[in-house]
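Okay, so here's the structure we're looking at.
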Amino acid sequence: MNIQEYFGRISYNKPHEDADLKTLSTIFQHHIQAIPFENLSMHCGETIELDLQSTYNKIVRKKRGGWCLESNHLLFWALRELGYDVCILGANSYDPAKRAYIAEMNHILLKVEIQGNSYIVDAGFGGAYQMWQPLVLISGKDQPQVPGIFRLMEDNGTWYLEKVKRKHYIPEQSETPYFSVAPGMGNIRKIHRFTLEPRHINDFQELNTYLQVSPDNILQKKSICSLQTTEGLIALVGWTLTEMKYNYTEDMDLVHITTLTDEEVEKTLKDKFNIVLENKLVPVNVRGLPPNLVDKI
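For the sequence shown, my numbering gives the first residue as 1140, with consecutive numbering after it.
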């Protein structure tokens, strides 16, 4: 594994001698705009291994993406190679359908210490709730970013991440073009909760196996590939392509939704996500869940 090869994968060619916040923010943004959040392996008959060498080969050398366990693990390695004081944390994602946090730890994120300050870095949430910059670990402070306003709240040692939602304008839905995701739930979207207890990647081996075999989790019910762009994001869920431009007008994101054919799915993965699969993808989009999944991933 070579850090310069990783830099090539994320198209980063700037100075990195100082393990400071500016360098961290730049590398992080390059990472999320080059490496998709995706679970396509499990819909191509491939097994996802959690060891670092396998993740490096898949994402860096084969130019694939990965889910949080892979993408954040790779970023953890890269930041450690660059001299950052970084550790892995575990989180419990919020399920909007059940309006509750998932009981089991099902997500990883990173904590980075820089000159006495702590920052939360998460390159593996995907969709419209992917942060674009590190978040300073401080409770109750609004932290505006291009995707929206993020906020961390602390309660008795547990931290909660949430985001202020914007409305969506969807031209394709001519009858009701203006809508807010999950109407009736307010404009605050809870994302996950976590503690500051340091974790090791091996703590997630059981989760990695479970997500690939359990028929009930959303990653089995949806084939997902999402990538942050310079203006917003693109997401392919099953045969549904969603393209979002943030803050198209004040407090309004522009969303285009397109339904693809099987042939167009493969071409879209190559053209928009720079992904060429080794095995045949079987797209999946189980009914009963939002087809574009922008609010889910």
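Every residue, glycine too, gets a C-beta built ideally from N, C-alpha and C. It should be emphasised that the depicted structure is a prediction, and the values quoted were computed from it without experimental measurement.
Counting along the chain, K1250 sits inside the beta strand (DSSP E) bounded by residues 1246-1253. With 16 or more other Cβ atoms inside 10 Å of its own Cβ, G1266 counts as buried. The Cβ-Cβ distance between L1208 and L1189 falls below 8 Å.
The three-state reading of DSSP puts R1219 in helix, counting H, G and I together.
Around the beta carbon of E1177, 16 or more other beta carbons sit within 10 angstroms, so the residue counts as buried. When C-alpha distances from G1204 are compared across N1424, N1413, Y1240, the shortest belongs to N1413.
Under the three-state reduction of DSSP output, V1199 falls in the helix class.
Each residue's CA atom was taken as its position, placing K1161 and A1262 some 16 Å apart.
The residues W1378, T1379, in chain order, have a CB closer than 7 Å to that of T1398 in the same chain once the five nearest residues on each side in sequence are set aside.
Inter-segment contact for the region 1237-1247 and the region 1148-1164 is absent: fewer than three beta-carbon pairs are separated by less than 8 Å.
Beta-bridge analysis with DSSP links T1297 to D1294. The beta carbon of K1409 is closer than 7 Å to those of V1415 in its chain, skipping five residues each way along the sequence. The C-alpha of L1191 lies about 10 Å from the C-alpha of L1214. Sequence-distant Cβ neighbours of M1181 in its own chain, meaning closer than 6 Å and more than five residues away, are Q1351.
Distance from the CA of N1196 to the CA of I1277, rounded to the nearest whole angstrom, comes to 36 Å. Secondary structure at N1256: strand, using DSSP grouped into helix, strand and coil. In this chain, the alpha helix (DSSP H) harbouring G1147 covers 1142-1148. Under the three-state reduction of DSSP output, H1182 falls in the helix class. Burial is judged here by how many other beta carbons sit within 10 angstroms of a residue's own beta carbon; I1327 has fewer than 16 and is exposed. Within the region 1330-1396, the runs of beta strand (DSSP E) at least 3 residues long that lie entirely inside it are, in chain order, 1363-1367, 1371-1376, 1379-1388.
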